[in-house]
Amino acid sequence: MTELPHEKPAFDELSDDHQEVLRRMGESVGKSVDEVQGTDDLIGYFQSFRPDGRGLAGVFSGVVGGDDVHERLEILFEVAGDDRRPTGGRDAFFVVRKPAVVAPEDVQTAGEEWIDQMRRLGDSLGHTEATEKLSAIERIRVLEGIPPKHPKLAEEKTELLVLLAETIPSWVGAAAPDHAIATALRNPFYFVNCDAMLRDYLMWPLYRKHIASEDPFEPYFRLWRHGVKWRVFQETQIDLYMPRR
């Protein structure tokens, strides 16, 4: 889920920290600040540093939470590894092709903690209806293999699917609309893997002082790094698919 377009402010209207981050990001990929100032200008930015993330050191330094974001990015690059596909070419996004082995019970635990954290996050932000929906989940199944695709037609999607895939991804940005630096970075972080919850995990240190919740997306990252994918086809059940060994 990409963010809605924002009006592009003049560079000298940005805070000093914001200007410095844009300068560093531009310099790291050989671009001027004019070329990286728009919300879409930095889409694909992190892919420029595959496979090891070298060149990102210090880019977010000076921003509150920036060093912690860099630590998460280092883990991301380590987990995703080489971007070369087995059949040739390179991945457009960060894909975990060789995830570490994980026990089904650990997947179960991470899945339960993920939903509990989303419920707690919703409660802290005042999303009562969403919190009730998450509390109504009766079962989280751990399966193995290639997951089926979610429906594309709106009328075929469950309310729980819409909540997890479309509604919750808007919570963090909406809770801190005046955090200009974070707002400018949401699209490039989203296009790491076109995964809003992965984005919010990576960016969480930027929002930590703005939202009363403790690292709510960490359990989701545990699932992602092991190649686990989630699916929802019923209102009270979530299926977690482990890679087949």
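First residue of the sequence shown: 1, per UniProt numbering; consecutive thereafter.
Every residue gets a Cβ at the ideal spot worked out from N, C-alpha and C, and that includes glycine.
Remember, it's a predicted structure, so these values are computed and weren't measured experimentally.
Inter-residue spacing [alpha-carbon to alpha-carbon] between residue i and residue j
{"i": "Glu218", "j": "Tyr207", "result": "14 Å"}
{"i": "Gly58", "j": "Gly30", "result": "16 Å"}
{"i": "Leu240", "j": "Gly53", "result": "29 Å"}
{"i": "Val21", "j": "Val172", "result": "21 Å"}
{"i": "Thr158", "j": "Leu134", "result": "13 Å"}
{"i": "Ala10", "j": "Val79", "result": "37 Å"}
{"i": "Glu112", "j": "Pro86", "result": "33 Å"}
{"i": "Gly38", "j": "Glu27", "result": "16 Å"}
{"i": "Ala182", "j": "Met203", "result": "8 Å"}
For residue i, three-class secondary structure by DSSP
{"i": "Tyr241", "result": "strand"}
{"i": "Ile140", "result": "strand"}
{"i": "Gln37", "result": "coil"}
{"i": "Arg84", "result": "strand"}
{"i": "Arg90", "result": "strand"}
{"i": "Arg54", "result": "coil"}
{"i": "Phe46", "result": "helix"}
{"i": "Arg97", "result": "coil"}
{"i": "Asp215", "result": "coil"}
{"i": "Val59", "result": "coil"}
{"i": "Leu153", "result": "coil"}
{"i": "Ile168", "result": "helix"}
Extent of the continuous alpha helix (DSSP H) run through residue i
{"i": "Lys133", "result": "Thr128 to Ser135"}
{"i": "Ile115", "result": "Pro104 to Ser124"}
{"i": "Phe189", "result": "Ala180 to Tyr190"}
{"i": "Pro13", "result": "Reading off the sequence shown, one finds Glu at residue 13, where the question assumed Pro. Premise fails: Glu13 is in no alpha helix (DSSP H) and is neither H nor E."}
Contact under 8 Å by Cβ, residue i with residue j
{"i": "Ala130", "j": "Arg222", "result": "no"}
{"i": "Pro104", "j": "Val142", "result": "yes"}
{"i": "Met197", "j": "Val107", "result": "no"}
{"i": "Arg90", "j": "Asp83", "result": "yes"}
{"i": "residue 266", "j": "Arg139", "result": "What is shown of the chain runs 1 to 245, which leaves residue 266 out entirely."}
{"i": "Gly62", "j": "Asp17", "result": "yes"}
{"i": "Val228", "j": "Phe46", "result": "no"}
Beta-carbon separation (whole angstroms), residue i vs residue j, contact threshold 8 Å
{"i": "His93", "j": "Cys194", "result": "Rather than His, the amino acid found at residue 93 in this sequence is Phe. So it is a contact: roughly 6 Å between Cβ atoms."}
{"i": "Gly122", "j": "Arg244", "result": "33 Å between Cβ atoms; not a contact."}
{"i": "Val232", "j": "Leu164", "result": "6 Å"}
{"i": "Leu161", "j": "His150", "result": "6 Å"}
N- and C-terminal bounds of the beta strand (DSSP E) containing residue i
{"i": "Phe233", "result": "Lys229 to Gln234"}
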